[in-house]
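Beneath this line is the structure, given in structure tokens, with notes to follow.
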Amino acid sequence: MTLKMAVEDLKYLLNRGYRKRVALNFVANHYLLGKRERNYLARYVFSDETRKRRLSRLVSPDSLRGATVHIDGYNVLIGTESVLGGEGFFIAQDGFLRDVRSVSGSYRMGEVTLRALNAIMDFLSDSGVKEVFFYFDRNVSHSGRLRQIVEELMDSRELEGRAILSSCVDRRLKKSGGVVATADGAVIDSVEMVIDIPHEILRRINKKKPKKG
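228 is the number that our numbering gives to position 211 of the sequence shown; each next residue is one higher, with no gaps.
See the structure below:
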């Protein structure tokens, strides 16, 4: 109940023009929320204006045919892993799917990693993209190995493009042009077209589930 009230209060303040950091601190302190709850609020609650603006930039899979797609590697991978695991994610008020872990800086490959990468590749291949570029933070452990795996999977599906290690992923995405795949709010607000790949993969999974009754 406390978290629900915090969500409502933060939404109220954001809709009235309060800066998010100020409003978030005020609400979190009022309800004595811990770090996990504060992180959730920051990534879940958005003003109606922000939701409208971001949804206007969201494109459908049909729009990807013949397009160049730039992928926020860890952001999309971690979100997809959560979807395949069936937990640890939510659809935020701005319409984008986000994971609850927020562990990109200490990411470790696991058994679900290859499944997630294959799901992403299948989505890209089925969407008929012209070329795709994955961007991974070079400062995260094992990024080099992950880049190699990604490029091998791209070759197996005859996807043009490559995986890139960078120390400034967000900046490169903001200046990339084309369609950007991410759920990072700062990046979304800086580009013209966005695709939410983990959300699209979730929709695919839900369509395959047998209907009850």
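For every residue, glycine included, the Cβ atom is placed at its ideal position computed from N, Cα and C.
What does the Cβ neighbour count give for residue i, buried or exposed, with the cut at 16 atoms within 10 Å?
i: ALA40; result: buried
i: GLU66; result: exposed
i: ASP199; result: Looking at the sequence provided, one finds Thr at residue 199 rather than Asp. Label assigned to THR199: buried.
i: GLN165; result: exposed
i: LEU131; result: exposed
i: HIS216; result: buried
i: ARG71; result: buried
i: ASP201; result: buried
i: ILE222; result: exposed
i: SER99; result: buried
i: SER184; result: exposed
Which of helix, strand or coil does DSSP assign to residue i?
i: LEU49; result: coil
i: VAL62; result: coil
i: ASP26; result: helix
i: VAL204; result: helix
i: ALA40; result: helix
i: VAL86; result: strand
i: VAL76; result: coil
Are the beta-carbon atoms of residue i and residue j separated by less than 9 Å?
i: VAL76; j: ILE212; result: yes
i: LYS224; j: VAL204; result: no
i: ARG162; j: MET138; result: no
i: GLU177; j: LYS226; result: no
i: PHE140; j: ILE218; result: yes
i: LEU195; j: THR19; result: Before going on, a small fix: residue 195 reads as Gly here, not Leu. Result no, Cβ atoms of GLY195 and THR19 do not sit closer than 9 Å.
i: VAL117; j: TYR57; result: yes
i: ARG125; j: GLY96; result: no
i: LEU170; j: LEU134; result: yes
i: VAL197; j: ASP26; result: no
i: SER160; j: SER123; result: no
i: HIS87; j: SER193; result: yes
i: PRO78; j: ASP143; result: yes
I believe residue i touches residue j by the beta-carbon criterion, under 8 Å. Please report the beta-carbon distance rounded to the nearest angstrom.
i: TYR91; j: PHE150; result: At roughly 14 Å, the Cβ-Cβ gap does not stay under 8 Å, so TYR91 and PHE150 are not in contact.
i: TYR48; j: GLN110; result: In fact, because the Cβ distance is near 18 Å, the residues do not count as touching under 8 Å.
i: ALA59; j: VAL44; result: Not a contact, Cβ separation roughly 11 Å.
i: SER64; j: ASN32; result: 5 Å
i: GLY145; j: GLY83; result: 7 Å
i: GLY112; j: ARG155; result: With 8 Å as the limit, GLY112 and ARG155 do not qualify as a contact, their Cβ atoms being about 30 Å apart.
Should residue i be counted as a contact of the ligand ZN given a C-beta to heavy atom distance under 8 Å?
i: TYR61; result: Absent from the structure shown: the ligand ZN. Ligands present: none.
### Query
Mind pulling the beta strand (DSSP E) runs of 3 or more residues that sit fully within the stretch 117-184?
Whole beta strand (DSSP E) segments, 3+ residues: 148-154 and 178-183.
### Message
Quick check on the DSSP output: what are the complete beta strand (DSSP E) runs of length 3 or more inside the stretch 92-121, in order along the chain?
### Response
If only complete runs of 3 or more residues are kept, the stretch 92-121 shows the beta strand (DSSP E) at 106-108 and 114-116, in order along the chain.
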